[in-house]
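Protein chains in written order, with my numbering: chain A, 4 to 368; chain B, 38 to 619; chain C, 62 to 430. Backbone N, C-alpha and C define an ideal beta-carbon position, used for all residues, glycine too.
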Amino acid sequence: MSFVELDSLTKRFGEEVAVSSIDLSIEQGEFVTLLGPSGCGKTTTLRCIAGLERPDGGEIRIEGDVVTSVSKGVHLTPEQRNLGMVFQSYAVWPHMTVFDNVAYGLRVRRRGRAEIREKTTKALELVGLGQLAERFATKLSGGQRQRVALARAIVYNPRVVLFDEPLSNLDAKLREQMRVELARLQHDVGITSVYVTHDQAEALVMSDRVVVMNKGVIQQIGDPHTIYSRPANAFVANFIGVANLLEGGLLGRSGETADIEISLGPGRPPLRLKAAGGEGARAGDRVILSVRPEDLSLHVHLPQDASNLIEGQVIDTVYLGNFLDCQVQVGQYEVGVQIDHFEQLAKGQKVYLTFRPDHALCLTE
Amino acid sequence: MATEILTRPVEDAPTSRWHSIFTQENIATTLASLLVGAAVILPLFAIILSSFQILDSSGFGTEWGLDNYRSLLKDRVIYGAFVNTLLISSGATLLATFLGVSLAWINARTNCPWRGKLEPFNLIPFFLSPFVGAIAWHNLAAPKVGLLNNLAREILGIKGHLLNVDNIYGVIWVTGIFFTPLVYLFVVGSLRRMDPSLEDSARTTGAGLLRTTLTVTLPLVTPGILSGAIIVFVTSAGEFGVPFKLGAPYGWETLTTQIFTKAVGDDANHYLGAAMSMTLGAITAFFIWIQRRIIAPREYTTVTGKGFRPNLIDLGPWKWAALAYNLAYLFIAVLLPLVCLVIVSLHPVWEGRIIFTDLTFWNYKKTLFFWWPERIVSATNGIVNSFILAFIGASIAMILALVVSYMIHRTKGFGSRLLDFLCVIPIGFPGIVIAMGVLVTYIKTPIYATLWIILLGYITRFFPYGQRNISAVMLAVSEELDQSSRMAGASWLTTLKRVTIPLLKPGIFAGWILLFVIFLRELSISIILYSTGTETLSVGVYYLTNFENEPLTSALSVAQSVVLLLCVYFFRRIAGREALTA
Amino acid sequence: MNEAANGNYLDVQGLVKYFGSDRAVDGISFGVPKGRFLTLLGPSGCGKTTTLMCIAGLHKPDAGEISVGGALFTSVSQRAYLPPEKRDIGMVFQSYAIWPHMTVTQNVAYPLEIRKLSHSEIGDRVAEALRLVGLSDMAGKLATNLSGGQQQRAALARAIVFRPRLLLFDEPLSNLDLKLREQMRVELKRIQHEVGITSVYVTHDQSEALVMSDDIIVMSKGVIQQTGGPHAIYARPLNRFVSNFIGVANLLDGRIVRVFGPGRGEIEVAQGGDKVRLPCLLADGIGEGSEAVLSVRPENVDALRDPQGLGAGIRGEVIQTIFLGNCQDCRVRWGDFEWKVLAHSRERLRPGDRVYLRLDPEHTLAVRP
């Protein structure tokens, strides 16, 4: 039995199905991220766990206690679930000081004065706000408010902490800093966490496991490395990072690799390429070859080893500081390549792209 | 090829140097600030100066001194009026705050049935004339001629009377229920706009519904409640019609009724009236200052993105009680008074009971048919004058408001801050005080005793309302929309004409109708500044209730209310409820 | 006569602008040659937008001079000020500023109507501008029915349709989401290139600046920190601020102990008892014995498990690894300092690993503090 279990959870808004019968198990101490584009049902799922939404079907159990079950007619209110939650808008109460915000959960639980002071102070120190306890919440910066919200959510040692896109209102630099910090903190405290975001980098950085969702359905569950390097389908491949997706037909499989024929449009010979994966597909099936820009090598001259070779013309190069992003026209495709050395490429110049078969993936639709 | 068309030059580059002083922008805004400055400052100065001038016994000469203020304390009637004013304002504030907050909460945050449909009706009293409300409630609950009291005597068989509104409690009652929408507006907005995650986070932290409401929801709207309460207090203190109808005739004088007596009575003493006005103005200005300086800045702006909807509280079966409560308010504040007025207006004489055989439209003919020789001239004059005043006044005020708003929000500097301040002053002073100021300023000029002086009073007192309306829209419309027009080559005036005004149209129109409504029902300025021939609608009602009988009064009141309700209907269609918070 | 004496089309000299007692822009001078794309880059409050507003004529400077193509726009000393509508400048705003009460066509036609062009000419130009930004299908739509990206395109069309002398951009992409932003910046650059209008672009986003600009001016606190091409700014920052603001850098205080030749030397840095000397490139104005800051980007640091003849190098412990998909962001502790190292994710470094850090001497910089 897992620590948190979702059992065919379903939620509709009017006609629209926001969450469509999803199952998910979360272990104690685990950091699980629900990742997906806006409207994919990730926030709704989180709010169902919190008790802020009432699902239309399914069951949620935390530590074996049924907190919501449509069939059994059970629905605990949010305050009965003993969870912590951090909101996108921080939701730090503007009429209270930082200390009062954080102490709130303990006061509601009727803890003693000494205990409240001790635990609140400790939580504030943990998030690095020990100095600001008496400050009013309105006088804090966005990052500081986010820390208050976090301290408030963990101070009473809840069973699970829920995060609803907590970093999306911060600016890019602060966001990067906060996500590293959040991951460290969660690791130190060891509290079970469910995190919702649409930012794939955030999900990869922080999570033990990532749940990729789209249109109310789970697309893939796995650790960040697996999600990135072995996406289950084209949606995941394209949503996590950037991937060049080339459509083609499977010619056959030998061992771990799949032979794929990519058609480049009328009047052009098709490309024959090798990639990993493609388990379960048969010769003649439509498949998608997925290869990431950083896994492609760009050559100005025809390379010696000409297997897995793509020929194309440079459309444009974009300088990004630590690397060049080069767009290459290959038939009807614009293929992105990442080059990590500074190189002058002319528009229209002929270039050759190669990749290792085990760095590309054959996906079935 | 691609850019061939675009690369043809458009215009020779202008290279002339340009001195920045005589631009359209500067001329228009300077003119507007001078106008506003003169309109606001002159009456205030005049009234302050007058209050220190003492009328000698002959009634002609004056000398400087503090006697006017001394007599405020010595004169038992004025002292009593002062106390009554404070009592009435406090009472009305408590009543309106209680009703306003509870109704706002029911409408914004519970699952009370029909709450969306009830909202516009809850605001109706805001648009109607409280003076007419007082007349209606007099006819409903005066000890002898009150309809309710007569019904009680007939049906319940009680002796004497059930209710009596001809006293300070009646004044508080009518003022309170009529100013309830002011509190409602302040609170309902903050309740609706509150970020629901502020409450959600209290729930997930472990607080129950009641605790969340008490420790999070209510504290967050407290500044809104206080703001609404202060506005009600100030408006009640400046209200003339209700105490004039229900208080003064029965020995409950207030500062406004006393100012009126001193200003236009037979032994008029403008100087004493000015001193009283200053006293009243000092109180109201002080409270408005508190509201704007201390309370308004504490309002928590809690709006966030992420398509939020407020959390609704499931009242269970109690939702029907909430609905009944809301309907009861509407019945008492709107339906009952209007029905009563209609009934009274159809009787030749009113003795407190309905006599079906006597019903007639005679009263409407006498008061409305301005072409009819047997008309009551004071009443029919009022209709024509009020429409003229409302139309011209609203138009001029909105033009002024537009330029002033533009200055405040689009030009930044000392001038704009000064102007912003000037626009608050009239809000801090009751209409009757401004009217006294206008009176003493212009009494020796040709505009005295014309419609122009009334117009001037109206615009001075109420153009800030229009200005707030435009400002609200202007703040929502990005300044970059204007700037990009300038960058595209349009002058200030062209930008105003083609971009700014079209974008502000909803705000301008809403403000115009709001002012139109206010001017149509205006009493406390008109009553000081009118003379024979320049009566207004409300002055007509005053004339009828003072010198004619209740049925005639009721007929004109009904007519006025119908026009106002029509305006409300149009207002709803054009602006939202938000446009009302002045 | 079309250009200032120094060959610049847009010329800004000694620009100063106060807000109250706050010096938003503190006497900056720069120029843009005709047809070039210049970016003013800096954190919020650095004065970049204020500078842009002064060029546009929407703010009046407190000192300084601005001229375009030889025409004086603003000169405080000569008391000259041309109002914005006379400057003939196209501008794209952060909020797009597309007029919601007009259709896309009306929006784009507006500057031409102001200039009283003939109907047919207006029609041609609007159609051409809309085609250029890819909005031909949206011509009749009300602006409110457009998505953010489409509004941005309409704003651009409106800014270029009257062939302005100068094109100004005030953080035009900051309201778009990440994927759209990346797409739009390439496209914006393409369109600017195609119409060839001299452009000044304001942003706080360094990658936007690197992608789009011919030249970049990095600003901070109202002052110019560095001017140069994208590659120069990224690869050869002059001082600590630029190093830290553009990209990510490991920054360590040190001292120059030796100068080899022009622009090359050795810097000594110390941490927790460990003292190392590293060969490095010297930024302008740094000589022997001067205090300097060592600046190395994470991608120019290799973390090696085995020293391979590295000699006395930096030896540290991996304390955190963050999986970023295409690479691994590692933190390596060396004394009290945490090195940021970007390793290929296939290397699979783990916390606790002892590693040697190798700095690429061609990318190891000593910059001004």
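Alpha carbon of residue i to alpha carbon of residue j, nearest angstrom
i: L142 (chain B); j: L228 (chain B); result: The question names Leu, yet the displayed sequence has Trp at residue 142 (chain B). About 7 Å.
i: E516 (chain B); j: F306 (chain C); result: 30 Å
i: K14 (chain A); j: T259 (chain B); result: 36 Å
i: Q90 (chain B); j: A118 (chain B); result: 22 Å
i: L312 (chain C); j: L249 (chain A); result: 42 Å
i: W151 (chain B); j: L140 (chain B); result: 13 Å
i: L589 (chain B); j: A486 (chain B); result: 26 Å
i: T71 (chain A); j: R138 (chain A); result: 38 Å
i: A171 (chain B); j: S528 (chain B); result: 52 Å
i: G252 (chain A); j: S266 (chain A); result: 8 Å
i: A322 (chain B); j: Y606 (chain B); result: 32 Å
i: R224 (chain C); j: T110 (chain C); result: 23 Å
i: R84 (chain A); j: V163 (chain A); result: 9 Å
i: G342 (chain B); j: L143 (chain A); result: Bear in mind that a pLDDT of 40 at G342 (chain B), under 50, signals an unreliable position, so the model cannot answer this.
i: L396 (chain B); j: V386 (chain B); result: 10 Å
i: G333 (chain C); j: V354 (chain C); result: 17 Å
i: I342 (chain A); j: P291 (chain C); result: 16 Å
i: T532 (chain B); j: D519 (chain B); result: 7 Å
i: A140 (chain A); j: E121 (chain A); result: 20 Å
i: V536 (chain B); j: P483 (chain B); result: 40 Å
i: A438 (chain B); j: I507 (chain B); result: 7 Å
i: V129 (chain C); j: L71 (chain C); result: 4 Å
i: Q359 (chain A); j: E399 (chain C); result: Gln is not the amino acid found at residue 359 (chain A); the sequence shown has Arg there. Near 34 Å, if we compare the C-alpha coordinates of E399 (chain C) and R359 (chain A).
Cβ distance (whole Å) where residue i is taken to contact residue j below 8 Å
i: I150 (chain C); j: V73 (chain C); result: Their Cβ separation, rounded to whole angstroms, is 14 Å, which puts I150 (chain C) and V73 (chain C) out of contact at 8 Å.
i: P199 (chain A); j: L37 (chain A); result: Contrary to the premise, residue 199 (chain A) reads as Val rather than Pro in this sequence. Going by Cβ atoms, the distance from V199 (chain A) to L37 (chain A) rounds to 5 Å, so yes, they are a contact pair.
i: L650 (chain B); j: G389 (chain B); result: Because chain B spans 38 through 619 in this model, residue 650 (chain B) falls outside it and cannot be assessed.
i: I375 (chain C); j: A525 (chain B); result: With 8 Å as the limit, I375 (chain C) and A525 (chain B) do not qualify as a contact, their Cβ atoms being about 57 Å apart.
Three-state class that DSSP yields for residue i in the structure shown
i: K95 (chain C); result: coil
i: C329 (chain A); result: strand
i: T217 (chain B); result: helix
i: L207 (chain C); result: coil
i: R319 (chain C); result: strand
i: P122 (chain C); result: coil
i: R523 (chain B); result: helix
i: L173 (chain A); result: coil
i: R358 (chain C); result: coil
i: I258 (chain C); result: coil
i: K373 (chain A); result: Residue numbering for chain A in the displayed model covers 4 to 368; residue 373 (chain A) lies beyond these limits and cannot be assessed.
i: W395 (chain C); result: strand
i: V182 (chain B); result: coil
Distance cut-off 7 Å: residue i Cβ against heavy atoms of the ligand NAP
i: G81 (chain C); result: Among the components modelled here there is no ligand, and therefore nothing to report on the ligand NAP.
Chain D contact residues for residue i, given Cβ-Cβ distances below 8 Å
i: R415 (chain C); result: Of the protein chains in the structure, A, B and C, none is chain D.
For the region 231-246 of chain B, enumerate the residues whose C-beta is nearer than 8 Å to any C-beta of chain A, in chain order. Cβ contacts with chain A: D232, S234, L235, D237, S238, A239, R240, T241, T242, G243, A244, G245, L246.
Should the region 544-562 of chain B be regarded as contacting the region 153-168 of chain B, the criterion being three or more beta carbon pairs within less than 8 Å? Segments in contact, yes.
For the region 311-332 of chain A, which residues have a CB atom closer than 9 Å to at least one CB atom of chain C, in sequence order? Residues passing the 9 Å Cβ filter: D319, V321, Y322, L323, G324, N325, F326, D328, Q330.
Are the region 157-168 of chain A and the region 98-108 of chain A touching by the rule of at least three beta carbon pairs closer than 8 Å? Judged by Cβ distances under 8 Å, the region 157-168 of chain A makes contact with the region 98-108 of chain A, as three or more pairs qualify.
Listed from N- to C-terminal order along the chain, which residues in the region 527-543 of chain B have their beta-carbon within a distance smaller than 9 Å of any beta-carbon of chain C? Within the region 527-543 of chain B, the qualifying residues are A527, S528, W529, T531, T532, R535, V536, P539, L540, K542.
Between the region 245-263 of chain B and chain A, which residues of the former have a C-beta closer than 7 Å to a C-beta of the latter? Here the close residues are G245, R248, V253, P256, L257.
Any contact between the region 253-272 of chain B and the region 284-291 of chain B? By contact I mean 3 or more CB pairs, one from each, below 8 Å. A contact is defined here as three or more CB-CB pairs under 8 Å, and the region 253-272 of chain B fails this definition with respect to the region 284-291 of chain B.
Name the residues in the region 95-114 of chain B whose C-beta lies less than 8 Å from a C-beta of chain A; which are they? Result list empty, no residue passes.
Evaluate the contact criterion for the region 232-246 of chain B versus the region 101-117 of chain B: three or more CB pairs, one atom per stretch, below 8 Å. With fewer than three CB-CB distances shorter than 8 Å, the region 232-246 of chain B does not count as touching the region 101-117 of chain B.
Using a beta-carbon distance cut-off of less than 8 Å, what residues from the region 100-126 of chain A approach chain B? Along the region 100-126 of chain A, the positions whose C-beta sits under 8 Å from a C-beta of chain B are Y107, G108, V111, R112, read in chain order.
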